[in-house]
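S.K.: Numbering (the working numbering), first residue to last: 7 to 98. Have a look at the structure that comes next, please.
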């Protein structure tokens, strides 16, 4: 995750859903993730999804969101870049 300076501080989250409709949303642990300049890595253990019953061998969709997923409000400003999404074994 990378972003230019000047972004508003908003939460960042990732939702993964499998073909059976099971889903899990993981919230970035750093509440300032969208406001930190430069590239920042976010590693999420697959156990975050499997513990909720999501079948990682049958992923249907993935959504990355900014803000409060359950209570969205308009008004955030800024720009983020997302690059190099990986799945599977951890990178060295």
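From the three backbone atoms N, C-alpha and C, an ideal C-beta is built for every residue, glycine too.
Taking its Cβ as the centre, do 16 or more other Cβ atoms sit within 10 Å of residue 87, making it buried, or is it exposed?
M.R.: If you number the chain shown from 1, residue 87 lands on position 81. By the 10 Å Cβ count, residue 87 comes out exposed.
S.K.: Mapping the DSSP letters down to three states, classify residue 76 as helix, strand or coil.
M.R.: Within the chain shown, the letter at position 70 stands for residue 76. In this structure, residue 76 counts as coil in the three-state DSSP scheme.
S.K.: May I ask which residues mark the beginning and end of the beta strand (DSSP E) holding residue 40?
M.R.: Translated into positions along the chain shown, residue 40 becomes position 34. Element bounds for residue 40: n/a, residue is neither H nor E.
S.K.: What residue range does the beta strand (DSSP E) around residue 29 cover?
M.R.: Position 23 of the chain shown holds residue 29. 29-33 is the extent of the beta strand (DSSP E) around residue 29.
S.K.: Going along the chain, which residues of its own chain have a beta-carbon closer than 6 Å to the beta-carbon of residue 39, five neighbours each way excluded?
M.R.: What you label residue 39 is simply residue 33 of the chain shown in a count that begins at 1. For residue 39, where only same-chain residues beyond five positions count, the Cβ hits under 6 Å are 18.
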